[in-house]
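**Student:** For the sequence shown, my numbering puts the final residue at 560, and the numbers step up evenly by one.
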Amino acid sequence: MLNIVRKMEGDKAGFALEGRLDSVTSPELEAELRASLDGVRDLTLDCEKLEYISSAGLRVLLSAQKVMNVQGKMTVRHVSQAIMEIFEVTGFSNILTIE
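What follows is the structure, given as structure tokens:
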């Protein structure tokens, strides 16, 4: 299960992710992002309560990063050690801006 809390403020969008981002839940995040990114220049993904991310979840993050490379910036925040290890093993730590 994945809980997504969206906060929009002008050209800034923030998404807090809680739970598991996997093949079952990633379409939900993908749909939320697709519906929200028009005109957004600053995207923040808060992963403080994200417990797990699969390759399907990584694909959604990569897709969002590609969109934001064109129209602004994307930041991933509050990444747990377990999620950071996945980012490092997959090379995503070199692609994403992680704070």
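In this text, a Cβ means the ideal position worked out from N, Cα and C, and glycines have one as well.
Computed from a predicted structure; not experimentally measured.
#1: Name, in chain order, the residues that DSSP records as bridge partners for Met469.
#2: What does DSSP give as the partner residues of Ile559 in its beta bridges?
#3: Residues in its own chain within less than 8 Å of Arg538 by CB, not counting five upstream and five downstream?
#4: Using DSSP bridges, identify the partner residues of Ile514.
#5: Identify which residue in Gly471, Thr536, Tyr513 has its Cα closest to the Cα of Glu479.
**Tutor:** Let's see:
#1: Ala474
#2: Val537
#3: Thr505, Leu506, Asp507, Cys508, Glu509, Ile559, Glu560
#4: Leu482
#5: Tyr513
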